[in-house]
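In my numbering, the protein residues as written are 6 to 160.
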């Protein structure tokens with residue numbers, strides 16, 4: 006099993022990716038561009054960047070079976086120290102593929118206004134945000150309707 010790299014300039018690119026990811030998380034519906042790097046197949050580059058910048062030894066990570074290759078698990082353990090869990094209910098981050106189900110989403114703890122840290126952050130890996138049927142979503146924290154393309158989600 007070989008260790009893989011991701012960022013060409015680890016310090017600069019990881020800091021930039023972290024700032025872009027925080028912008029996207031703090032402004033739901035806003036799309037951001039991350040540094041172009043290679044992903045750890047079957048993870049795409051964006052998902053790899055998110056996990057390398059946010060996951061650590063205190064954030065249990067759930068990987069969908071489409072994504073949980075031995076190489077990905079090995080590299081995530083080495084680079085982040087994040088414990089891997091098979092239980093969505095105990096995860097801090099969940100990486101789901103484009104074949105996600107309503108059961109998977111229903112299993113994810115939503116947290117609440119007083120304890121948002123008790124929720125799981127769901128990372129849905131898709132092929133594109135710019136192709137497919139245009140959909141809209143709203144949430145209590147949004148003051149507007151956000152649009153996205155549902156190119157391959159099965160929901």
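Glycine included, every Cβ here is placed at the ideal spot set by N, Cα and C.
Under DSSP, residue 67 takes part in a beta bridge, and its partners are 90 and 99. By the Cβ-count criterion, residue 58 is buried, with 16 or more other Cβ atoms from all chains shown falling within 10 Å of its own Cβ. Between residue 85 and residue 65, the C-beta gap is not smaller than 8 Å, which leaves the two residues out of contact. CA-CA distance, residue 14 to residue 54, rounds to 13 Å. About 5 Å separates the CB atoms of residue 22 and residue 39; that is less than 8 Å, so the two are in contact.
Between residue 67 and residue 108, the C-beta spacing is not below 8 Å. For residue 58, there is no enclosing beta strand (DSSP E); the enclosing alpha helix (DSSP H) covers residues 50 to 59.
For residue 41, the closest C-alpha among the options 28, 12, 32 and 35 is that of 12.
In the DSSP annotation of this structure, the continuous segment of the alpha helix (DSSP H) that includes residue 85 starts and ends at 75 to 85.
Here DSSP, grouped into helix, strand and coil, assigns residue 126 to strand. Per the coordinates, the alpha-carbon of residue 46 lies some 11 Å from the alpha-carbon of residue 80. Taken through DSSP and simplified to helix, strand or coil, residue 109 comes out as helix.
For residue 15, the enclosing alpha helix (DSSP H) starts and ends at 15 to 31. For the options 83, 114, 106 and 16, the alpha carbon positioned closest to that of residue 98 is the one of 114.
Cβ-Cβ distances below 7 Å link residue 94 to 112 and 114 in the same chain, with the five nearest sequence neighbours on each side left out; the list follows chain order. Annotated as proximal: residue 125 and residue 96, with beta-carbon spacing under 8 Å. When rounded, the separation of the alpha-carbon atoms in residue 74 and residue 134 is 24 Å.
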